[in-house]
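These notes are about the structure you will find just below.
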Amino acid sequence: MNTNNLKKVAPRARTAFIKAITARAGEFGITAKGVSAPTVSGDVLQVAGFTHPARFVSAITRLQERVANEGFAQLIEQMAYTWFNRFCAIRFMELKSDEGYLEHGVRILSHPTQPQGFEVLDRAPEVIESLMGEGVSLDKSALLELMLAGNEQEALFRELLLGQCHRLHQAMPFLFEAIDDETELLLPSGLTRTDAFWRELVDGIPEADWQQVEVIGWLYQFYISEKKDEVIGKVVKSEDIPAATQLFTPNWIVQYLVQNSVGRYWLQTYPDSALPRAMPYFVFPGEQPIEVQDEYARFTPDSIEPESIKVLDPACGSGHILVEAYNLLYRIYEERGYRSREIPELILKHNLYGLDIDDRAAQLAGFALLMRARQDDRRLFTRDLTLHIHALQESRHLNIPKLWQALNLNADSDRGQVQDMFAVAPATLAANDPRLSLLNDLHRSFLAAKTLGSLIEVPAEQVQAIDDLYATLQTLSISGDAMQKPAAKELLPLLAPAAVLARRYDAVIANPPYMGSKGMNGDLKEFAKKQFPNSKSDLFAIFIERNLDLTTAAGVVAMITMQSWMFLSSYEALRARILGQHTILGMAHLGARAFDSIGGEVVSTTAFVLARPHLPTYQGAYFRLVDGNSEAEKAAMFKEALA
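Put into structure tokens, the structure is as follows:
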């Protein structure tokens, strides 16, 4: 894969998407200068000199509300990356048409033999038949009229593209919205032009590069690279933290982290496992003192069911670590005799968890993981799956009393029927309801979620209550009444990441954000001083402590971070905690030049594995790789040392 080419294409695509979506927003009276009120007469809506169907009015209103709440620039940025992600996803899947990723097997954005053509237009009738069904809004007769007209290619292409998005919503609701979502309005015009805003994703990236799901992660990193250049060296706003801290982890380092955490956890219970054959970067523990062996035996489970293994990436980016964890977990399930067609669904349902403050990243992480699982299960998209990958959302806009009233969870006592004089008043019942108390607690905790991310602490004892309330809200979001449905949908994005943060994990694996205190905004700096005084100097160090807190009693933390925590006096208290309360199982000291994509001496790093238990006489395995001048050299040095 030519990442240098992707580095050029992605920023240009971002600029093109933003420009096109800004122009499209103007057609609905939404500009940087303000919004224009639409007028409706019969079936016609007019706004800012443009005419549209009257049915657009509710979507336009929702967009205008978002401008009021989020700001114009932020809305355009969100819409641009959402459509960028969708076009990337469709491009990836259409090039696997022979494997049935798109059920009709037809390309949407390209043609196999015509460089500027669209196979979907040539084979429109069969695509229409394939897309028809529940959840897809296609007017078959209207589409046939467009086909027969001969000069309505643009309109036909638009309807088929949106129909494909609706179909994909069933398998990927985190990336493709349901029918009539307002994002559809901002899909720009000129889709079939040779200079269309999205063309570079097809014309600028060779088809071979789309064969690996890692292309999604690289495109994401390079998509936000210009924003990163803008904010580096400054105090970073909450919305800019993802751009300032995102870095795609080299694959060999990801393998080292996953194999020496998840793999190690499995091998402690099953030392005769054949798993090491699939782990080229696994470091076998050396002979340990008898007291270490005894202590290990004390907290090592006698047996492990694969479904019970919990793995978290608390700053998951585009999902690289989670995909690698999937690969290893698949081997574990195979070893225990599970049927191959069962394994992908079991892994997604039981084992893998990911969080990020960036909606873009969470979308792409979910997509990457789903694509990896789809390789092993052709029917995966037809299964009712909910991934445990979420973008953290702030709660400041939520009106908990109003939403609680709309949910009407105490319906039997709130319906206004005649109560006897000694009955408890509905308001008193509500005030004493532990579910309302839970919502209020989470509302307070998640006020600054886009700044604090996975550093937010949710008590482990709340996990069952959160799970129960989440299940209730899921049911109401589908089958509730007119007030319950929207209220439940508004609260689910608060509950989902809270459930992840309330759990404890056998392995927490991360390349956390790197940001010194000089770059932290006021909220983050104050939080760091108060909650993490031992590691407040940099976000990566704070995540070392946080990740240890997220593990089970026998859990493992595997991370790649800046190397500075090993040496600087400002991290003395952090080192004291690690050495005095936990155990360093191993380390690959990488130094500079571990990331080819950034080069030079910019970032000096170390990859390491920690055990939560304290084993003071444990003899770890340490590798000094600082003399390697590239990713490849360091990986080769590591393998040579293992041999």
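The sequence shown finishes on residue 672 if you use the working numbering, and the numbering steps up by one all the way, no holes. By construction, the Cβ of each residue, glycine as well, lies at the ideal position given by its N, Cα and C atoms.
L619: member of the beta strand (DSSP E) spanning 612-620, first to last residue. According to the DSSP secondary-structure assignment, P82 is paired through a beta bridge with V73. Counting along the chain, D127 sits inside no beta strand (DSSP E), nor does DSSP assign it H or E at all. In the same chain as R53, and ignoring 5 residues on each side of it, the C-beta atoms closer than 6 Å to its own belong to L215, P217, in chain order. Annotated three-state conformation of R360 is helix, per DSSP. With respect to the 8 Å criterion, P343 and F572 are classified as neighbours on the basis of their beta carbons.
Counting only runs of at least 4 residues, the segment 359-397 fully encloses the following alpha helix (DSSP H) elements, listed from N- to C-terminal order: 372-379.
Taken in chain order, the complete alpha helix (DSSP H) segments of 4 residues or longer contained in the segment 142-185 are 148-151, 153-160, 169-178. Judged by DSSP in its simplified three-state form, H195 adopts helix. Collapsing the DSSP output to three states places V38 in a helix. Scanning P305, A354, G219, P235 for the CA closest to the CA of L286 turns up A354. Residue environment: D224 is assigned as exposed (fewer than 16 neighbouring CB atoms within 10 Å of its CB, all protein chains considered). Residue environment for K37: exposed (fewer than 16 other C-beta atoms within 10 angstroms of its C-beta). Here the alpha carbons of E334 and E213 stand approximately 44 Å from one another.
With 16 or more neighbouring CB atoms inside 10 Å of its own CB, I350 falls in the buried class. Less than 8 Å separates the beta-carbon of Q513 from that of L505.
T635 is bridged by DSSP to T590, H618. CA-CA distance, L177 to S166, rounds to 20 Å. Rounded to the nearest whole angstrom, the C-alpha separation of Q288 and G615 is 12 Å. Across the structure, E374 and S65 are spaced so that their CA atoms are roughly 47 Å apart.
Only residues of its own chain outside the window of five on either side were considered, and among them L432, A435, L436 have a CB closer than 6 Å to the CB of A516, listed in chain order.
Exposure of A500 is indicated by the presence of fewer than 16 other C-beta atoms within 10 angstroms of its C-beta. In the DSSP assignment, H419 falls outside any alpha helix (DSSP H) and lies within the beta strand (DSSP E) extending over 417-420. In the displayed model, L230 falls within a helix according to three-state DSSP. According to the DSSP assignment, D535 belongs to the beta strand (DSSP E) that extends over 534-539.
In this chain, the alpha helix (DSSP H) harbouring V283 covers 280-287.
L384 is positioned such that its CB atom lies no closer than 8 Å to that of S254. Of L131, L124, G129, the smallest CA-CA separation from S139 is found for L124. DSSP assignment within the segment 299-363 yields the following whole alpha helix (DSSP H) runs of 4 residues or more, N-terminal first: 319-328. When the beta-carbon positions are compared, L189 and V231 stay at least 8 Å from each other. Rounded to whole angstroms, the gap between the alpha carbons of G545 and M591 is 11 Å.
Boundaries cannot be given for R407, as no alpha helix (DSSP H) includes it and DSSP labels it neither H nor E. Within the segment 469-514, the alpha helix (DSSP H) runs of at least 4 residues that lie entirely inside it are, in chain order, 478-481, 492-508. V537 sits away from G609, with the two beta carbons spaced by 8 Å or more.
By the criterion of a C-beta distance shorter than 7 Å, N31 is surrounded in its chain by D238, once the five residues flanking it on both sides are discounted.
With the rule of 3 Cβ pairs closer than 8 Å, the segment 393-401 counts as touching the segment 193-206.
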